[in-house]
Amino acid sequence: MIQPSLISPTEALPDDQRIRRICELLSKAMILDAAGRIVSAAAVAAEAAPNVALPEQVVAETGSDVARIESYLALVGEASPAMIRETLGLPRMRIYRAAQRALAAGEITVSGQTRTVTYRLKSPQAQKRSHN
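Following this line, the structure appears as structure tokens:
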């Protein structure tokens, strides 16, 4: 069953509220589009293919994962491992390895513990996109 809108057709939002809502929706769409570009089709296909992780492969995967996670953090500002996993399609352990590598290199910071962990780029590197 289709739920009726909370705003009837005869009611109108004030112009400032309507423009603000349109801007919020456009910003969300732009962020989702940019996040979709970060997720490469090759990475998704590699995840689906069963493979044996040799130490050299793990290091190579982690290196590219670090770059992908940093790109995502530059886009959104901060994110939890669950958000990164959902957006980039990376397994939890690969996110953990990449995050530990980036933390050791001083490229990202972490706040919170266990379920409340959030990652963000170091302040000089942070370039969160701002939209109108």
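Note that my numbering has the sequence shown beginning at 1334, numbered continuously upward.
The beta-carbon is built from N, C-alpha and C at its ideal position, and this holds for glycine as well.
Since this is a predicted model, take the numbers as computed values, not measurements.
| query | With respect to 8 Å, is the separation between the Cβ of Gln1433 and the closest non-hydrogen atom of the ligand MN below this value? | reply | Among the ligands in the structure shown, none appear at all, so the ligand MN cannot be discussed.
| Does the separation of the CB atoms of Ala1412 and Leu1406 fall below 9 Å? | yes
| said: Quick test of your reading: Ala1431 and Asp1398, contact by CB under 8 Å. State the CB separation rounded to the nearest angstrom. | reply: 4 Å
| query | Looking at the unbroken alpha helix (DSSP H) that takes in Leu1454, where does it start and where does it end? | reply | From DSSP, Leu1454 is part of no alpha helix (DSSP H) but of the beta strand (DSSP E) over Thr1451 to Leu1454.
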